[in-house]
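Take a look at the structure below.
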Amino acid sequence: MYDESWQLSDDISSLATGSTDALIGNSLLDAFQWRPIPDAVCLDYGAGHGHFAKTLIERGCQHVYAFEPYGTKPNWLDKDWIRDADELPTHKFDWVFLIEVVEHMLDPVAELQRIRTLLAPGGQLVLTTPNAGGIRARLQQFEWREAQNPTHINLFSPSSLEICLRRAGFTETSRNFQPVRYLAKGLQAQILYLLQRIGMDGGLRYIARNS
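Now the structure itself:
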């Protein structure tokens with residue numbers, strides 16, 4: 001599953017353990033209108049270098065765990081950095097964040113099923129992944145940057161991702177179209193804003209509830 005999908009060369013693995021910087025992380029949370037709930041427990045699943053987990057802490061989440069079998073444990077996240085998936089507690093997390101991770105999984109349905117067991121009743125999964133149905137993917141096809149990334153095992157259209165979520169047992173899912181702020185400026189930023197609003201940009205953003 002997730003662990004197995006990372007059995008690659010050191011050079012390729014360095015591509016895969018990426019990070020979500022603070023600007024994008026905060027903008028992503030704003031797009032989901034996410035606010036910390038007192039005593040809520042959050043998990044950054046596939047945490048890379050831990051930057052998104054740090055953003056959660058800075059946003060006021062008091063109980064943050066990070067799961068990453070290959071990333072380097074940062075000094076500011078000591079006891080809650082988990083490298084072995086079997087150590088993840090079940091039915092515990094109010095929020096699981098799967099940020100640009102599902103595309104790296106050999107068996108995304110099985111991995112999503114495992115994630116659902118980690119969620120508390122009513123807990124929610126926030127998921128982002130490249131959009132294989134976006135305009136750039138359609139125009140560039142196999143030349144699309146995300147298709148060229150050797151660590152990307154599965155790429156999803158909205159319909160294929162929704163099928164995976166349903167097969168994993170998530171019956172309440174919704175796609176988020178609120179724009180995320182990137183570093184683009186001027187006309188490029190305006191075009192990106194429009195593409196996000198109509199769902200033709202390069203990213204998919206979903207939330208799924210463990211009902």
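Going by UniProt numbering, the residue at position 100 of the sequence shown is 100; the numbering climbs one at a time, nothing skipped. Positions of the beta carbon are idealized from the N, C-alpha and C atoms, including for glycine. Everything numeric in this text was worked out from a predicted model, so none of it was measured.
Which runs of the alpha helix (DSSP H) fall wholly inside the region 139-205 and span at least 4 residues, in chain order?
145-148, 158-167 and 186-197
Would you call A91 buried or exposed, if buried means 16 or more other Cβ atoms sit within 10 Å of its Cβ?
Per the sequence presented here, residue 91 reads as His, with Ala not at that position. Counting Cβ neighbours within 10 Å, H91 comes out exposed, since fewer than 16 surround it.
Give every residue of the same chain whose Cβ lies closer than 6 Å to the Cβ of Q140, excluding the five residues on either side of it in the sequence, and list them in chain order.
none
Take the Cβ of D201 as the centre, count every other Cβ of all protein chains shown within 10 Å, and call the residue buried at 16 or more, exposed below.
buried
Applying the 10 Å Cβ sphere with the 16-neighbour rule, what's the burial state of I37?
exposed
Report the start-end ranges of each beta strand (DSSP E) in the region 28-55 that is 3 residues or longer and not cut off at the edges.
41-45
Can you tell me whether I191 is buried or exposed, with buried defined as 16 or more other CB within 10 angstroms of its CB?
exposed
Taking 7 Å as the threshold (C-beta atoms), are D80 and D40 in contact?
Reading off the sequence, residue 40 comes out as Ala, not Asp. The answer is no: Cβ separation not under 7 Å.
What is the DSSP secondary structure of N210, counted as helix, strand or coil?
coil
According to the neighbour-count rule (16 or more other Cβ atoms, all chains shown, within 10 Å of its Cβ), is P121 buried or exposed?
exposed
Pop quiz: Y193 and I115 are said to be a contact at Cβ under 8 Å. What is the actual Cβ separation, rounded to whole angstroms?
About 30 Å separates the two Cβ atoms, so there is no contact after all.
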